[in-house]
Amino acid sequence: MPVIKVKNLSKIFGKNAKQATKLLDEGLTKEEILKKTGNTVGVNRASFEVEEGEIFVIMGLSGSGKSTLVRLINRLIEPTEGSVMIDGEDLAKMNKQDLRGVRREKLSMVFQKFALFPHRTILQNAEFGLEVQGIDKEERSKRARESLDMVGLGEYIHQFPSQLSGGMQQRVGLARALANDPEVLLMDEAFSALDPLIRKEMQDELLELQDNMKKTILFITHDLDEALRIGDRIALMKDGKIVQIGTPEEILVNPANDYVEKFVEDVDRSKVLEAQHIMKRPETVDIEKHGPRAALERMRKEGLSSIYVVDRKRKLYGYVTADDVSAAAKQDKKNLHDILHTDVPKAEMHTSMHEIFNMIHDSPVPIAVVEGDKLKGIIVRGAVIAALAGSEVSINGDHS
Amino acid sequence: MEIIPKLPVAEWIDKATEWTTDTFEFLFDFIKEDFGDFIEFFAEDLLMAIPIWLFIAVIAVLAFFASGKRFGLVAFSVVGLWFISNQELWEELMNTFTLVIFASLISVIIGVPFGIWMAKSKTVQAILTPILDFMQTMPAFVYLIPAVAFFSIGMVPGVFASVIFATPPTVRFTNLGIRQVSKDLIEASDSFGTTGMQKLFKVQLPMAKTTIMAGINQTVMLALSMVVIASMIGAKGLGQTVITGLQRADVGTGFVAGLGIVILAIIIDRFTQNLNTQKGQ
Chain A
1 MPVIKVKNLS KIFGKNAKQA TKLLDEGLTK EEILKKTGNT VGVNRASFEV EEGEIFVIMG
61 LSGSGKSTLV RLINRLIEPT EGSVMIDGED LAKMNKQDLR GVRREKLSMV FQKFALFPHR
121 TILQNAEFGL EVQGIDKEER SKRARESLDM VGLGEYIHQF PSQLSGGMQQ RVGLARALAN
181 DPEVLLMDEA FSALDPLIRK EMQDELLELQ DNMKKTILFI THDLDEALRI GDRIALMKDG
241 KIVQIGTPEE ILVNPANDYV EKFVEDVDRS KVLEAQHIMK RPETVDIEKH GPRAALERMR
301 KEGLSSIYVV DRKRKLYGYV TADDVSAAAK QDKKNLHDIL HTDVPKAEMH TSMHEIFNMI
361 HDSPVPIAVV EGDKLKGIIV RGAVIAALAG SEVSINGDHS
Chain B
1001 MEIIPKLPVA EWIDKATEWT TDTFEFLFDF IKEDFGDFIE FFAEDLLMAI PIWLFIAVIA
1061 VLAFFASGKR FGLVAFSVVG LWFISNQELW EELMNTFTLV IFASLISVII GVPFGIWMAK
1121 SKTVQAILTP ILDFMQTMPA FVYLIPAVAF FSIGMVPGVF ASVIFATPPT VRFTNLGIRQ
1181 VSKDLIEASD SFGTTGMQKL FKVQLPMAKT TIMAGINQTV MLALSMVVIA SMIGAKGLGQ
1241 TVITGLQRAD VGTGFVAGLG IVILAIIIDR FTQNLNTQKG Q
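Residue numbers (the working numbering), protein chains in the order written: chain A, 1 to 400; chain B, 1001 to 1281.
Next comes the structure, spelled out in structure tokens:
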């Protein structure tokens, strides 16, 4: 059973919008309509369904109408035509009072620029939706706290939004939306204002939360990578029109038209999949300081079967394996020089994921990511697989 | 130009005023009598009943807390008020204070709702803006004339003229403050299903508070600036002493009373401003 059912939803800005919809039916493009009537087409007969518990991503570049589309769904913008069915009720035809009811109980929204109320504390912000519903103080405080705990902000409840970092502010935004326990979560470029590291963290957290709460989420983004990471299905928009709807795989493997193909290609070339993005901090031993016993101890503690050897300036010497180190320790050797392996699998910071995939396939040790002769990080097999699972781009590349 | 004779605009306005005076006589009389009595009671019986030392002490304590526990305003208030009482102008001060308080209070009570109305409707804004311009640019003396026609002389017409003159900033700043609330926050509020009233009281007014308070501060200052003018139609207070000084070419008396007004102005201004910066956080 789809929770949201959108049919032929259109928004035309400007006077005489109804007339312009007729031109849409005649198949005129956005530019032609603008020229002819002076009206701007925001959304052009969008139709889609979102299933219960699904993360449905609407993705498009700026000006594609995606932000307008999400506002048509909770009617922050009045639709010109079409219907938005939520639980079998058409929001587009509802009177104001019923609409308020739906907004209070079924739909919650998270905003790109957080839109927290600066004069309210974190707790009061999270309570806002419940307060509007007229729920009594104790109950709403309890539910808001639960919601804040869920996003890991339980300790900040008496701070004001301006005292929090961007990532934390958006957690409050999320908590405020979740406190209402809505059926549908509308997220309008919710993570776009955050810096890349925090954004990724938030995406992971959202997925983790979603595992437990199983909300129906409509997520708007301009970032294909984000769409691929979190979307169960993706709708691609261009000039107010939905050009393709499908799972991430379908979009990547069978782009519906040139536009989508170009989009996907673009990602393949330039997006995150470089060594520096998937590497992690290496465990190392210092060749000048550590002997076999120290190395063994470190490996045992971290559960490693091999470890990289560097000097104080992090210049890479090679690696030692657990077996060799253990033997050397028994023979009471004092340093690691004799047992050092120098046949290190190396990658540069910008080495593509593609090459790493081939390298790591038959490498007994993690790949060393170097800059000059300095060790910057290592790539373990798990990280490559995780990156692949998050984005099927490279699989697609491999097949083609 | 000769074709069109002089339009009898003045006559029209006279007629309108006359008609208003006659038609609403019962109302004006009521205000003149009962409200006038109340103002008189407030100034002469209530405020004058407070011993001067107690009044100064209370103001000092309030100043201490209003200015964030600093002593500058406290010292100024104590010395300033003591000076006025030393010059035997205490009763005049209380009368002026009463005039300002009532004029400001009525201005705010009228101004804030109009400001809200203006912010919510473009049409209302289009209609009210020129009226407010008119109210502020018309020489304040002119308001004395209908004030006298409606309420004869005394405190009540003084308050009336002051209200007309002092209301516009509150209306303007309330309108501005509400319109300045960012669109994001309005959207957020709407998305949670707020009614118009909830949005107003939970989001718009709290966010606009600092701006509205700045407008109220302006209103109070304008009301105070009307004190001298209002005493031309018999409003008691420091202004009257200034006018007396003028009529008798008595520089010293006029100047001392003027100084009293300045002291009162500074105290009231700092009070309202400090309240604003503290609560506006």
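Ideal Cβ placement from N, Cα and C applies to all residues, glycine included. The model shown is predicted, which means the values in this text are computed figures rather than measured ones.
Within the stretch 47-76 of chain A, contact with chain B at the beta-carbon level (separation under 7 Å) is assigned to ASN74 and LEU76. Distance from A/GLY231 to A/PRO248 at the Cβ level is roughly 6 Å; contact confirmed, criterion being Cβ atoms closer than 8 Å. Only SER1191, PHE1192, GLY1193, THR1194, THR1195, GLN1198, LYS1202 and VAL1203 from the stretch 1191-1203 of chain B bring a Cβ to less than 8 Å from some Cβ of chain A. Across the structure, A/GLN97 and A/ILE356 are spaced so that their CA atoms are roughly 58 Å apart. For A/LYS113, at least one C-beta of chain B is nearer than 8 Å to its own C-beta. Annotated three-state conformation of A/ASP136 is coil, per DSSP. Following the DSSP letters along the chain, one finds A/SER162 in no alpha helix (DSSP H), marked with neither H nor E.
Classified as exposed, B/VAL1009 has fewer than 16 neighbouring CB atoms from the shown chains inside 10 Å of its CB. Of all residues in the stretch 115-129 of chain A, those with a C-beta nearer than 9 Å to a C-beta of chain B are ALA115, LEU116, PHE117, PRO118, HIS119, ARG120, PHE128 and GLY129, reading in chain order.
Where B/VAL1009 is concerned, there is no enclosing beta strand (DSSP E), although the alpha helix (DSSP H) around it starts and stops at 1009-1023.
Where B/THR1195 is concerned, there is no enclosing beta strand (DSSP E), because DSSP gives it neither an H nor an E.
Listed along chain A are HIS119, each with a C-beta nearer than 7 Å to that of B/MET1207. Within the stretch 128-143 of chain A, those residues whose Cβ lies closer than 8 Å to any Cβ of chain B are, in chain order, PHE128, GLY129, GLU131, VAL132 and GLN133. A/PRO182 is positioned such that its CB atom lies no closer than 8 Å to that of A/SER67. Distance from the Cα of B/LEU1093 is smallest, within the candidate group B/PHE1065, B/LEU1224 and B/GLY1215, for B/LEU1224. The alpha carbon of B/ALA1149 has as its nearest neighbour, out of B/ILE1004, B/ASP1269 and B/GLU1025, the alpha carbon of B/GLU1025.
Chain B places no beta carbon closer than 8 Å to that of A/ARG199, leaving this residue out of the contacts.
Straight-line measurement puts the Cα of A/GLU201 at about 42 Å from the Cα of A/THR21. With its beta carbon less than 8 Å from one in chain B, A/ARG104 belongs to the interface. Separation of B/VAL1228 and B/VAL1058 (C-alpha to C-alpha, rounded to the nearest whole angstrom) is 27 Å. The beta carbon of A/LYS334 is closer than 6 Å to those of GLY291 in its chain, skipping five residues each way along the sequence. Membership of A/LEU186 in the beta strand (DSSP E) is indicated by the continuous run 184-188. Within chain A, the residues ALA115 and PHE117 have their CB atoms less than 7 Å from the CB of B/LEU1185, given in chain order. Rounded to the nearest whole angstrom, the C-alpha separation of A/ARG103 and B/GLY1193 is 5 Å.
The beta carbon of A/LEU209 lies closer than 7 Å to those of MET150 in the same chain, with the five residues before and after it left out. Note that the C-beta distance between A/PHE128 and A/GLY173 is not below 8 Å.
Between the stretch 1159-1172 of chain B and the stretch 1094-1108 of chain B, the count of Cβ pairs shorter than 8 Å is three or higher; the stretches touch. DSSP places A/ASP90 in the strand class (E or B) of the three-state scheme. At least one CB of chain A lies nearer than 8 Å to the CB of B/ALA1188.
Judged by beta-carbon spacing, A/GLN159 lies within the 8 Å limit of A/THR121, meaning their Cβ atoms are closer than that value. The beta carbon of A/ARG171 does not come within 8 Å of any beta carbon belonging to chain B, so the residue lies off that interface.
If you keep only unbroken beta strand (DSSP E) runs of at least 3 residues inside the stretch 223-309 of chain A, you get 233-238, 241-246 and 284-286.
Nearest C-alpha to A/ILE339 among A/ALA295, A/GLU146 and A/GLU226: A/ALA295.
Counting C-beta pairs with one atom in each stretch, the stretch 1055-1072 of chain B and the stretch 1204-1216 of chain B have fewer than three that are closer than 8 Å, which means they do not touch.
Note that the C-beta distance between A/ALA235 and A/MET59 is below 8 Å. The residue among B/ALA1265, B/GLU1088 and B/TRP1012 with its C-alpha nearest the C-alpha of B/THR1253 is B/GLU1088.
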